[in-house]
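The numbers in the working numbering rise by one with no breaks, and the one at position 204 of the sequence shown is 204. The beta carbon of each residue, even a glycine, is placed where N, CA and C say it ideally should be.
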Amino acid sequence: MSKARHAGWRAVRRGAGLAGGDVDTVLSRSPEPFSPASSEKRAALAHFEPHNVLISRGPVRTVRRALQEQVLDSEHPVHHLADRFVPVVEEEMQHLLAGALRTGSLPWEEFLDAWYRVVRRVVFGDHARDATELTDLIIRLRRDGNWAFLKPVRRRTRARLLQRIGAELAIADPGSLAAVMAAAPKGDGAEPSDQVPQWLFAFDPAGMATFRALTVLATHPAALAEARREVDGDTSGRRVLPYLRATILESLRLWPTTPMILRQTTQPVQWEHGLMPEGCGVLVFAPYFHRDERALRRAHDVFPERWLTDEDDPWPLVPFSDGPVVCPGRLLVLLLTSAALASVVGGHELAPGSGPQLASDTPLPGTLDHYSMTLEVSKRP
Numbered sequence: 001m002s003k004a005r006h007a008g009w010r011a012v013r014r015g016a017g018l019a020g021g022d023v024d025t026v027l028s029r030s031p032e033p034f035s036p037a038s039s040e041k042r043a044a045l046a047h048f049e050p051h052n053v054l055i056s057r058g059p060v061r062t063v064r065r066a067l068q069e070q071v072l073d074s075e076h077p078v079h080h081l082a083d084r085f086v087p088v089v090e091e092e093m094q095h096l097l098a099g100a101l102r103t104g105s106l107p108w109e110e111f112l113d114a115w116y117r118v119v120r121r122v123v124f125g126d127h128a129r130d131a132t133e134l135t136d137l138i139i140r141l142r143r144d145g146n147w148a149f150l151k152p153v154r155r156r157t158r159a160r161l162l163q164r165i166g167a168e169l170a171i172a173d174p175g176s177l178a179a180v181m182a183a184a185p186k187g188d189g190a191e192p193s194d195q196v197p198q199w200l201f202a203f204d205p206a207g208m209a210t211f212r213a214l215t216v217l218a219t220h221p222a223a224l225a226e227a228r229r230e231v232d233g234d235t236s237g238r239r240v241l242p243y244l245r246a247t248i249l250e251s252l253r254l255w256p257t258t259p260m261i262l263r264q265t266t267q268p269v270q271w272e273h274g275l276m277p278e279g280c281g282v283l284v285f286a287p288y289f290h291r292d293e294r295a296l297r298r299a300h301d302v303f304p305e306r307w308l309t310d311e312d313d314p315w316p317l318v319p320f321s322d323g324p325v326v327c328p329g330r331l332l333v334l335l336l337t338s339a340a341l342a343s344v345v346g347g348h349e350l351a352p353g354s355g356p357q358l359a360s361d362t363p364l365p366g367t368l369d370h371y372s373m374t375l376e377v378s379k380r381p
């Protein structure tokens with residue numbers, strides 16, 4: 001499976017290397033014996049979601065995963081609440097673009113504010129559109145989580161967040177994820193309030209991927225033309241946009257928002273070249289595989305078409321992880337982000353403004369600072 005002629009996994013004193021096929025082994029054999037509840041992840045997520053499915057083990061993990069999959073409609077490319085969610089995206093993007101047209105520019109900060117409004121309305125309902133304190137709480141605790149076990153948990157702040165989420169579940173607007181969560185059957189130990197922070201957390205990098213994708217489209221005329229062909233010919237009400245979904249996936253391949261996928265062995269694991277002990281940490285560094293030009297065609301270029309064929313199927317492109325522990329919200333994220341792209345490119349011209357400058361005739365950089373990026377916006381003729 002290793003097109004790159006990697007040597008494969010072999011034991012060494014301080015670490016080991018993973019080949020492409022080994023990544024598939026690790027992710028396909030999660031959560032046992034490769035648990036996602038690694039020591040580092042448990043320490044990080046304990047700051048704001050101590051009973052989340054990501055750091056759960058045993059029977060309660062099964063209960064929590066089932067609840068997540070039911071609410072997020074994990075097996076369906078179009079969420080059963082798409083008729084509610086897509087208009088929310090369109091409304092917030094049009095509100096955002098109205099302001100951008102007045103000034104001629106769209107900075108990241110303004111896009112992020114609009115994206116957070118989308119997230120709050122999708123998760124809790126329209127009444128939470130301007131509930132910025134919820135977003136502020138999760139951001140504050142997430143920053144603490146970046147320090148993992150090096151920073152004490154703000155227990156009172158965490159309790160306030162989880163209590164607020166519990167209250168939102170009790171008053172959730174119909175047609176929101178929280179309403180589906182509140183109505184869903186729950187097994188023992190489901191801890192619904194602890195499952196919601198991950199949605200608020202995970203939708204943040206989805207916004208990053210969307211803004212980066214817009215920057216790519218603004219600087220790659222062929223990709224923009226293909227995106228517009230899809231939008232102009234769409235008959236699905238922006239529910240099914242394969243090329244735009246592929247553009248988001250390509251943004252995540254080029255600049256993974258989860259560059260390190262962590263696992264930890266729950267028992268000894270025998271490999272061809274040695275024994276991996278129980279409690280061993282495993283790190284899949286996604287950018288290494290996502291940009292390996294020895295295995296991928298146009299590895300450093302935008303090429304959404306790769307996601308519409310099986311050309312790269314044997315190689316570990318894992319923007320949402322993979323296997324039994326794959327992100328349960330991946331298809332919902334692609335629904336919302338592709339709708340956002342369609343709302344912008346369908347009726348507007350884009351050009352790069354300040355920040356990193358991309359070009360279609362040079363390899364794309366390994367990192368992209370979206371915080372400093374601005375897009376110039378005008379009406380499409």
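Which full runs of the beta strand (DSSP E) of 3+ residues lie inside the stretch 91–156, going along the chain? Counting only runs of 3 or more, we get 105–107.
Please name the residue, chosen from W255, F48 and D24, that lies closest to R140 on a Cα-to-Cα basis. Here the question's residue 140 lines up with position 140 in the sequence shown. Measuring from the Cα of R140, the nearest candidate turns out to be F48.
Would you report the Cα separation of P365 and H300, rounded to the nearest angstrom? Stepping through the sequence shown from its first residue, residue 365 is reached at position 365. Stepping through the sequence shown from its first residue, residue 300 is reached at position 300. Spanning the two alpha carbons is a distance of roughly 8 Å.
Quick one: residues in its chain with C-beta nearer than 6 Å to the C-beta of R245, no 5 flanking neighbours on either side, listed in chain order? Numbered from its first residue, the sequence shown carries residue 245 at position 245. The answer, listed in chain order, is L334 and S338.
Member of C280, S321, A100 and P192 whose CA lies at the smallest distance from the CA of A419: The structure shown does not extend to residue 419, since the chain is modelled only from 1 through 381, so no value can be given for it.
Would you give the residue range spanned by the beta strand (DSSP E) that T25 belongs to? The residue you call residue 25 lines up with position 25 of the sequence shown. Here T25 belongs to no beta strand (DSSP E); instead the alpha helix (DSSP H) covers G20 to S28.
So, are the CB atoms of L341 and A227 less than 8 Å apart? As a first step, residue 341 must be located in the sequence shown, where it is residue number 341. As a first step, residue 227 must be located in the sequence shown, where it is residue number 227. A Cβ-Cβ contact shorter than 8 Å links L341 with A227.
According to DSSP, L262 sits in a beta bridge with which residue or residues? Here the question's residue 262 lines up with position 262 in the sequence shown. Per DSSP, L283.
Per-residue DSSP class, three states only, for E376: Position 376 of the sequence shown, counting from 1, holds the residue named residue 376. It is a strand residue.
What do you get for W147, buried or exposed, if any count of 16 or more other CB atoms within 10 angstroms of its CB means buried? Taking the sequence shown and counting its residues from 1, the one referred to as residue 147 is at position 147. Burial call: exposed.
Span of the alpha helix (DSSP H) around E305: Residue numbering aside, residue 305 sits at position 305 when the sequence shown is read from its first letter. Per DSSP, E305 belongs to no alpha helix (DSSP H) and is neither H nor E.
Among V122, D130 and A183, which residue has its Cα nearest to the Cα of D113? Taking the first residue of the sequence shown as 1, we reach residue 113 at position 113. It is D130.
Give me the Cα-Cα distance between A159 and T215, rounded to the nearest whole angstrom. By 1-based counting over the sequence shown, the position of residue 159 is 159. By 1-based counting over the sequence shown, the position of residue 215 is 215. Looking at the backbone, the Cα of A159 and that of T215 are separated by about 38 Å.
Considering only residues of the same chain and omitting the five flanking positions on each side of R121, which have a CB-CB separation below 6 Å? Against the sequence shown, residue 121 aligns to sequence position 121. The answer, listed in chain order, is V88 and R129.
Please classify H220 as buried or exposed, where buried requires at least 16 neighbouring CB atoms within 10 angstroms. Numbered from its first residue, the sequence shown carries residue 220 at position 220. Buried, because 16 or more other Cβ atoms sit within 10 Å of the Cβ of H220.
According to the neighbour-count rule (16 or more other Cβ atoms, all chains shown, within 10 Å of its Cβ), is G125 buried or exposed? Your numbering for residue 125 matches position 125 in the sequence shown. A residue is called buried once 16 or more other Cβ atoms fall within 10 Å of its Cβ, and G125 is buried on that count.
Count the other CB atoms, across all protein chains shown, that sit within 10 Å of the CB of Y371; report buried if there are 16 or more and exposed otherwise. By 1-based counting over the sequence shown, the position of residue 371 is 371. So Y371 counts as exposed.
Pairs of beta-carbons, one from the stretch 297–315 and one from the stretch 166–178, closer than 8 Å: are there three or more? The stretch 297–315 vs the stretch 166–178: no contact.
Curious, which full-length alpha helix (DSSP H) runs of at least 4 residues does the stretch 169–205 contain? Runs of the alpha helix (DSSP H) inside the stretch 169–205: 177–183.
Does the stretch 229–241 come within contact of the stretch 348–367, defined as at least 3 CB pairs closer than 8 Å? As far as the Cβ criterion goes, the stretch 229–241 does not touch the stretch 348–367, which means the pair count is below three.
What did DSSP end up calling P352 once you bin it into helix, strand or coil? In the sequence shown, the residue the question calls residue 352 occupies position 352. Of the three classes helix, strand and coil, the one that applies to P352 here is strand, per DSSP.
Any 3 or more C-beta pairs closer than 8 Å across the stretch 20–29 and the stretch 310–327: Verdict: yes, contact present.
Which same chain residues, not among the five before or five after G99, have their C-beta less than 8 Å away from its C-beta? For this step, residue 99 is matched to residue 99 along the sequence shown. Apart from sequence neighbours up to five positions away, the residues of its chain that approach G99 with a beta-carbon distance below 8 Å are E110, ordered along the chain.
Just verifying my parser: in three-state terms, what is the DSSP assignment at Q270? One-based indexing of the sequence shown puts residue 270 at position 270. Correct three-state label for Q270: strand.
Residue from L331, A295 and L336 with nearest C-alpha to L317: Residue 317 sits at position 317 when you count from the first residue of the sequence shown. Answer by Cα proximity: A295.
So what does L275 bridge to, in DSSP terms? As a position in the sequence shown, residue 275 is number 275, starting the count at 1. DSSP output for L275 lists Q270 as bridge partner(s).
Determine which residues share a DSSP beta bridge with F34 and list them. Taking the first residue of the sequence shown as 1, we reach residue 34 at position 34. In DSSP, F34 forms a bridge with T265.
Proximity below 8 Å, CB of L252 to CB of P319: Numbered from 1 along the sequence shown, position 252 holds the residue referred to as residue 252. Numbered from 1 along the sequence shown, position 319 holds the residue referred to as residue 319. With respect to P319, L252 sits close: the two C-beta atoms are nearer than 8 Å.
Between the CA atoms of V231 and P381 - distance to the nearest angstrom: Taking the sequence shown and counting its residues from 1, one reaches residue 381 at position 381. Taking the sequence shown and counting its residues from 1, one reaches residue 231 at position 231. Per the coordinates, the alpha-carbon of P381 lies some 15 Å from the alpha-carbon of V231.
Pairwise C-alpha distance: V377 and S105: As a position in the sequence shown, residue 105 is number 105, starting the count at 1. As a position in the sequence shown, residue 377 is number 377, starting the count at 1. Those two C-alpha atoms are separated by around 5 Å.
Applying the criterion that 16 or more other CB atoms from any shown protein chain within 10 Å of the CB defines a buried residue, is Q198 buried or exposed? Position 198 of the sequence shown, counting from 1, holds the residue named residue 198. When all chains shown are included, Q198 counts as buried.
Inter-residue Cα distance where the pair is R13 and F149: Mapped onto the sequence shown, residue 13 falls at position 13. Mapped onto the sequence shown, residue 149 falls at position 149. Its pLDDT being 38, under 50, R13 is placed unreliably in this model, and the coordinates cannot settle the point.
Over what stretch of residues does the alpha helix (DSSP H) that includes A43 continue unbroken? The sequence position of residue 43 within the sequence shown is 43, counting from 1. Run containing A43: S39 to L45, per the alpha helix (DSSP H) assignment.
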